[in-house]
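Here's the structure, in structure tokens; my notes come after.
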Amino acid sequence: MATQMDLNVYARDDFKTEIKRRKISSEIDGREKFPPGAIMRVKVKNFVVYASTEFLLSPSLNMIIAPNGTGKSTFVCAVCLGLAGHPTLLGRQKVVSEFIKNGEQFSTIEITLKNKNEEPDVVIRREIYLNNKSDWAINDKSSSEAKVKNFLLGLNVQLDNLCQFLPQEKVADFSKLTQEELLLETQRAVDVNMMSQHKELISLDKDKEELTAQLNEKTNEQSHLEEDKLRYEEEARKYEAFQKKKDELEDHKKLLPYAELQDLKVEERRLKKERDDIKAELQRYEDEMAPFRNAVDEIGEAADKFMNASHDKRKETDQLKKDVATKVSQLEDIDTKIDDCVSKIDQLEGRAIAKRKELEKKQLQLQEDEEKLNTIEVLDDETAKQYDEQSESLFAEKAELTNTREEIQDEVSRVKRLRENAERKLNGFKNQLKSNDPILLFDRPHFRKNYLAEGSKRAVHLLRTEFRDMREEFFEPPLLTLKADNTEFAGYLESLVNPRDLVAITAISRDAFNKHSKRFIEEKNVQVPMRYLSGNTYSKKLSTQQLNELGFEGYLVDFVKGPAPVIQMLCDTVFLHDVPVSRRPLSEAQIERLSKPINGHLLFKKFFSGDVQYTLSQSEYGSRNVMSRSQNVDNKNQYFTGTGVSDDVKQQLHTQIKNQEREIEEYKTEIESLREKRNARDQEIAAIEARANEVNKFVRQNREKLKTKQKIAQRIKLHNAAIKKLNSEATADYTKDILKYKRRISYLSVQKITANCDLADAQKKYNDVAQDITLLKIQQFEHLSRKAAIKSLFGAIEEKRDHLRTRHQAAKARLQELKNSKKAKELKEKAASYTEEEKERLSVYLTQYTQEGCFSVDGIQDKIAGIEAEMSMLGSGSKSSVNTLEKINNRLAQLGQEIPELNMKIKNLSQNIVEIRDDWEPKLNNMVQKISDKFSSIFPTVGSAGEVRVERGLKFSDWKMQIMVKFRDDAPLKALDSHTQSGGERAVSTVYYMISMQELTVSPFRVVDEINQGMDARNERIVHKNMVEIACQEHTSQYFLITPKLLTNLHYADKMRIHCIMAGPWTPDPRTNTEFLTLGATSIYAS
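Residues 1 to 1087, numbered by the UniProt record's numbering, are exactly what the sequence shown covers, in order.
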């Protein structure tokens, strides 16, 4: 229950002991004095410690006074949550359901705000439920949290600004604000647009810094890339030239088999010609030797007749001997000339015959190729194009169907995975149903949306699996490891242990914590609350007998079982060893006894009596009064009873099992449907493939015919060139030359006969001259001479014939050996193994070198040697250089676009910064100057001097708001921080800073909870006076000051209102006695 009274009357000189009291009505007075957005009324029901209460507020300063634990800060909580603030702004509970009064199902907050533009007042109502959900209403119409926040934004309500809304648990946070944060929060409190401009400048500054860093990085990168480009370009040129020569070298090596075959063919033709020429010459000698053989026989017979008589004819004259010798010499000379003529004729006749035979062969090959060319039929270009288009169309159609089929298959795989996941979940639910593992407690509704519980659950799984090595140093949370002796003690333990400790992992020491705790976050990204043991040893204050004398059964720690380190952790955090318990309610006298300090200190700060938990606290100032707070213990026994699966969880598991089974059947049906679609696509693809194979087969056959036709045409071209050349050589006329030599032979033969006759005549003359020689001797000599001459001629011819026979046999043997050569067969097989592409490429070289007359093994090897020499001069280069150069060029092109864009962005950012700063900085200077003037004027009342200034940094994020103070005249001004000033000095300075902002703030109200803690009485009175004067000025925002104490001789003003909260077991229940809601509510005391 809250009452309101104005104590300004106590400050008047004419205050008398007798007073008259005027009651406040339940209606709001002076509505027109409230600024837009100010809080006019706050009503709560079942909220924290309040069953039901109502605050009627002043438009100026409202002081809310009550002892600790009676609900003064609950007013701050109601304002925060009722105006859509998050629980974290309060620094207390994390979820809204924890603000519901114990034992209730929901809580209601109703706040009346002054609207703007003379519009009707606005009533915002929020109902909070145990499931952390809320219902919202604006003026009794259903609404949402988002709409409420949007409405409050229009009224400039800033619950997240510590300069405007400072709950008790956030007072320390305000003192921890950095100077940079203080500047931002101050701007937000005074002018949100100014803060937005500052944040925008910070963002632009950061963007500019990032862009400048990017620009420098990209510029350096561009410079390095340009240098690399020059180096890699040379390497790439070398590599490309080397690879070209390498490919050329490989082609020339593949030409060698063709060259060797060509050399073998040339050799074969030469051997054939040699054999045939020798044979023809041999036959000619045989024909020419027949007449000489007959003549020798005849002369031999005649010589034999005169041989017997030649013995008597021995004398001859010297002159006739000389004549005979001359004639013999002439005859030998004639034989030599005849041999020369025969050789010339043989040469001329062999050349013409060989060319004519080669010509005939080429003409026959030409005729065969022309006939083949005429028999090959190919498609015309238009028809071939149609077939190609048909093939491409079928390929595209097949590709589209294949993609569809793959999509269906992917969908089948996806649904299968979903089905498998569902089956795993189903098995998991069934296993959970059978399990009694306390880890199932995490699945209870209270923990499902609790991120701490979720992290703790994951951490427990890790300790049981991957982090087993840590189990000797880390223990599972109390929720899973502790068990109370009975349900009453379980309820006490649940009430005592806070939600964070309930799910915290325990480390046996700080060293163990430092060594292993990071593994949860760094390796598994698990956020888990953790505690490590302090190492303290706790002793019990009283023995069991002494506790029994006080009415207790023992300490709560005596009735809890579990791992010693976990119990030790609760002794560190909630003093489990120092909380006595009694299942039987203690008497009032026993409780009164425990509430009295012994030697200035309480015996126990917490204890349990029956189903009630008592919390005792002692103020740190004044008379050190003892305050008592009690709350009922919830004996639902959700935890610490040793059971795993509760009935509600079992029911939920049965429901989940049914859902999973239904989901699995749906997946099976979907998979079957997808398979049918996939099979249909397979049939369509097969049909298209059959059609495509037919078309592609016809296209391939046509292409093969085209290639064959092109090859034959090329061969015909070569045949025609060869025939043209052979025609010229084969039609050359050697007849005249041959006839000339034959006539020469005839002439020489006549000469030879004549010479023989002359020789015979000479012999005859010799006989005639040598009259003394008998006629027989002359005749004998004549026949012997003739016979000797003929034999001489015949012997040379016969010797040459034998030589020709030997040569003929040798030529035949070499030719046969060449034809049967194994090397020729290997060369043909190797040449046939080349691909069509290789053969086409090699045919170019073959044609070129054939025309140049160097197509031979020696010629190709010379070419290879030349190529290898060129490669050795080029160097090999590197293939990676080509790829690297391409990447460098692509990156340079990209940088060529990015760098100008970055320059333009930096220029635009700089221009935006100048424009915003020109508008923002004067407003900032003006704001700071006003705050500093006010601060400087009031601060000497508590200190020596003070001022507020802005320290400008190089970056806008480094700009600081500095509160400069000094508390001694001889000391310099120093910035307010936690190291230089005392706690009281910081508190005074902070309050004065907030007071200095009061006239500038645009927020409709400001809330400060227990900011006066730590001040001495003198400073508190001075600060209070300044606060009252500033807050009660015209045209300032509404102000709420929450304090647990009220000093005497304080300064008061007519416009302020004091709210004293009265609470305790003696307070009537306002739900059943509504008349007590306004009990003692007054607005003014008058004489």
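Using N, Cα and C, we set each Cβ at its ideal position, and we do this for glycine too. The model shown is predicted, which means the values in this text are computed figures rather than measured ones.
For residue i, the first and last residue of its enclosing alpha helix (DSSP H)
{"i": "residue 514", "result": "510–522"}
{"i": "residue 476", "result": "Where residue 476 is concerned, there is no enclosing alpha helix (DSSP H), given that its DSSP letter is neither H nor E."}
{"i": "residue 994", "result": "983–997"}
{"i": "residue 849", "result": "836–852"}
{"i": "residue 946", "result": "Note, residue 946: premise wrong, no alpha helix (DSSP H); beta strand (DSSP E) at 945–951."}
{"i": "residue 495", "result": "487–496"}
{"i": "residue 73", "result": "72–82"}
{"i": "residue 500", "result": "499–502"}
{"i": "residue 531", "result": "Careful: residue 531 lies outside any alpha helix (DSSP H), inside the beta strand (DSSP E) at 530–532."}
{"i": "residue 548", "result": "544–550"}
{"i": "residue 568", "result": "564–574"}
{"i": "residue 1027", "result": "1017–1031"}
Presumed contact (8 Å Cβ cut-off) between residue i and residue j, rounded CB distance
{"i": "residue 995", "j": "residue 1026", "result": "6 Å"}
{"i": "residue 164", "j": "residue 1006", "result": "5 Å"}
{"i": "residue 384", "j": "residue 720", "result": "Residue 384 to residue 720, Cβ: 28 Å. No contact."}
{"i": "residue 39", "j": "residue 81", "result": "No, residue 39 and residue 81 are not in contact; Cβ-Cβ is about 13 Å, not under 8 Å."}
Bridge-paired residues (DSSP) for residue i
{"i": "residue 143", "result": "136"}
{"i": "residue 63", "result": "1041, 1058"}
{"i": "residue 631", "result": "613"}
{"i": "residue 608", "result": "581, 613"}
{"i": "residue 165", "result": "1007"}
Same chain, Cβ closer than 6 Å to residue i, neighbours up to 5 away in sequence not counted
{"i": "residue 390", "result": "695"}
{"i": "residue 706", "result": "378"}
{"i": "residue 941", "result": "1022"}
{"i": "residue 64", "result": "72, 75, 1042, 1059"}
{"i": "residue 633", "result": "491, 495, 611, 613"}
{"i": "residue 180", "result": "960"}
{"i": "residue 738", "result": "345, 348"}
Range of the contiguous beta strand (DSSP E) that encloses residue i
{"i": "residue 617", "result": "612–618"}
{"i": "residue 46", "result": "39–47"}
{"i": "residue 966", "result": "960–966"}
{"i": "residue 55", "result": "50–56"}
{"i": "residue 507", "result": "505–507"}
{"i": "residue 106", "result": "106–113"}
{"i": "residue 127", "result": "122–129"}
{"i": "residue 1005", "result": "1005–1009"}
Own chain, CB closer than 7 Å to residue i, minus 5 neighbours either side, in chain order
{"i": "residue 805", "result": "282"}
{"i": "residue 691", "result": "394"}
{"i": "residue 152", "result": "83, 84"}
{"i": "residue 811", "result": "271, 274, 275, 278"}
{"i": "residue 997", "result": "163, 186, 189, 190, 931"}
{"i": "residue 985", "result": "967"}
{"i": "residue 207", "result": "909"}
Contacting residues, own chain, Cβ-Cβ under 8 Å from residue i (five flanking each side not counted)
{"i": "residue 820", "result": "none"}
{"i": "residue 716", "result": "366, 369, 370, 373"}
{"i": "residue 587", "result": "551"}
{"i": "residue 526", "result": "455, 458, 459, 462, 520"}
Exposed unless 16 or more other CB atoms sit within 10 angstroms - verdict on residue i
{"i": "residue 808", "result": "buried"}
{"i": "residue 609", "result": "buried"}
{"i": "residue 681", "result": "buried"}
{"i": "residue 990", "result": "buried"}
{"i": "residue 21", "result": "Because the pLDDT of residue 21 is 39, which lies under 50, any placement of that residue in the model is unreliable, and the number read from its coordinates should be weighed accordingly. By the 10 Å Cβ count, residue 21 comes out exposed."}
{"i": "residue 858", "result": "exposed"}
{"i": "residue 376", "result": "exposed"}
{"i": "residue 112", "result": "buried"}
{"i": "residue 1097", "result": "The chain is shown only over 1 to 1087; residue 1097 falls outside these bounds and no answer can be derived."}
{"i": "residue 150", "result": "exposed"}
{"i": "residue 1037", "result": "buried"}
{"i": "residue 453", "result": "buried"}
{"i": "residue 1068", "result": "exposed"}
Neighbour flag for residue i against chain D, beta carbons, 8 Å
{"i": "residue 836", "result": "Although the question refers to chain D, the structure presented lacks it and comprises just one protein chain."}
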